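**Student:**
Below, the structure written as structure tokens:
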């Protein structure tokens, strides 16, 4: 099978803000190899090479028969032969290729669900590219992605260091996002602003990788049933018109299309997710909105379940910033009625 180079949330009062933040920062997802557990597909028959043409045998020339006097003959009447129509068993109808692709993608979701326990840490270089359909401009940010699990809870950090605007000008622009301990933090070093919003109360189950829960929808270990309840899923391919993903190799991909009438379907056209076949690490995403905007993310040199470097681990800690030098905006969740 040709390698076919897959984000998923809880409804809260902060969900609209988080969804907007997700679209302005990073968009990654989960996808991986089509698992061995999936139904094996028959190998297409290879056409046999054309056989060499056989030698032709010369046919002796036909000689005209001698002219003979025709004899008067009585026309012979023959009874027409009746043939019984042959009955053949109908062959089993071949399954449409689209159905096979959907079944393989759904089987793969089952494999991805297991990564909730098999992937405990991940790090890599993150490049985020955004196309604005209204202005017809593309900008790009590059930085570091770190994921770790502490006491059974996931923490994720993204720190962008460089920014290329629509004109191609390169600037140093540090923008740091952290999702940890039920809080979503945005640290803008250029404007010296610190925004901290509570997205889960102490003791509540919360996954920062689920779609809508954090700046990077990177669903690792999401339940297959939850995904299929919100999206139609099938296989897809590496898009030829996105250079940022052109270097992807040995990856598998799924396309998620929001189900009609769902909240995601209001703005989202589809999401393509790309995963490394060996490690199941998410390495790319394409998020297309109905207004024509597009977000592309690419993780290069991903390290899965390796030792988290001290400098990477530091990115996961929410810093204490001097309020005299930094503008603070802290918003805890409202007390439930």
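In my numbering, the protein residues as written are 2 to 338. Virtual Cβ for every residue (Gly too), placed ideally from N, Cα, C. Keep in mind it's a predicted model, so treat the numbers as computed, not measured.
(1) What are the boundary residues of the beta strand (DSSP E) that residue 98 is part of?
(2) Could you tell me if residue 287 is buried or exposed, where buried requires 16 or more neighbouring beta carbons within 10 angstroms of its beta carbon?
(3) In its own chain, which residues sit with a C-beta less than 7 Å from the C-beta of residue 134, not counting the 5 before and 5 after it?
(4) Is it a yes or a no for the stretch 148-164 touching the stretch 117-128, going by three-plus beta-carbon pairs under 8 Å?
(5) Which same chain residues end up closer than 7 Å to residue 263 when comparing Cβ atoms and leaving out the 5 residues on each side of it in sequence?
(6) How would you call residue 191, buried or exposed, if buried means at least 16 neighbouring beta carbons within 10 angstroms?
(7) Taking only the alpha-carbon atoms, compute the straight-line gap between residue 333 and residue 160 and give it to the nearest angstrom.
(8) If we require 4 or more residues per run, which alpha helix (DSSP H) segments fall completely within the stretch 112-158?
(9) Should residue 240 be labelled buried (16 or more other beta-carbon atoms within 10 Å of its own) or exposed?
(10) When burial is assigned at 16 or more other CB atoms within 10 Å of the CB, is residue 250 buried or exposed?
(11) Between which two residues does the alpha helix (DSSP H) harbouring residue 326 extend?
(12) Per DSSP, residue 181 is paired with what?
(13) Tell whether a beta-carbon distance below 7 Å holds between residue 327 and residue 193.
(14) If we count the other Cβ atoms within 10 Å of its Cβ and call it buried at 16 or more, is residue 237 buried or exposed?
(15) Please list the terminal residues of the continuous beta strand (DSSP E) segment that includes residue 270.
(16) How close, in whole Å, do the beta carbons of residue 106 and residue 234 come, if the pair is a contact with beta carbons under 8 Å?
(17) So is residue 277 buried or exposed if we call it buried at 16+ other beta carbons inside 10 Å?
(18) Can you find the residues in the same chain that come closer than 8 Å, C-beta to C-beta, to residue 224, ignoring five residues on each side of it along the sequence?
(19) In whole angstroms, what is the alpha-carbon distance linking residue 296 and residue 138?
(20) By the three-class DSSP mapping on this structure, what secondary structure does residue 228 have?
(21) Suppose you measure from the CA of residue 226 to the CA of residue 110; what does that come to, to the nearest Å?
(22) Within its chain, find whatever has a CB closer than 8 Å to the CB of residue 337; leave out the 5 residues flanking it on each side and keep chain order.
(23) How far does the alpha helix (DSSP H) with residue 315 in it extend, from its first residue to its last?
(24) Roughly how many whole angstroms lie between the Cα atoms of residue 242 and residue 169?
**Tutor:** Looking at the coordinates:
(1) For residue 98, no beta strand (DSSP E) run applies; the uninterrupted alpha helix (DSSP H) run containing it begins and ends at 98-114, by DSSP.
(2) It counts as buried.
(3) Cβ within range, chain order: 292, 293, 294.
(4) Because the criterion of three Cβ pairs below 8 Å is met, the stretch 148-164 and the stretch 117-128 touch.
(5) Sequence-distant partners of residue 263 (beyond 5 residues in either direction) whose C-beta falls short of 7 Å from its own C-beta, in its chain, are 231.
(6) Flag for residue 191 reads exposed.
(7) When rounded, the distance between both Cα atoms is 23 Å.
(8) Fully enclosed alpha helix (DSSP H) runs of 4 or longer: 116-119.
(9) Its Cβ being crowded by 16 or more others within 10 Å, residue 240 is buried.
(10) Residue 250 counts as exposed, since fewer than 16 other C-beta atoms from the protein chains shown sit within 10 angstroms of its C-beta.
(11) Unbroken run through residue 326: none, as it is neither H nor E.
(12) In DSSP, residue 181 forms a bridge with 184.
(13) The answer is yes: Cβ separation under 7 Å.
(14) Under this definition residue 237 is a buried residue.
(15) Element bounds for residue 270: 269-277.
(16) Yes, they are in contact, since the Cβ atoms of residue 106 and residue 234 sit about 5 Å apart, within 8 Å.
(17) Buried, by the Cβ-count rule.
(18) Beyond the five residues adjoining it in sequence on each side, residue 224 comes within less than 8 Å, by CB distance, of 114 in the same chain, given in chain order.
(19) Whole-angstrom Cα-Cα distance: 12 Å.
(20) For residue 228, the secondary structure class from DSSP, reduced to helix, strand or coil, is helix.
(21) Going by the C-alpha atoms only, they are around 9 Å apart.
(22) The beta carbon of residue 337 sits closer than 8 Å to no other beta carbon from its chain once the five residues preceding and following it are set aside.
(23) Element bounds for residue 315: 311-316.
(24) Those two C-alpha atoms are separated by around 19 Å.
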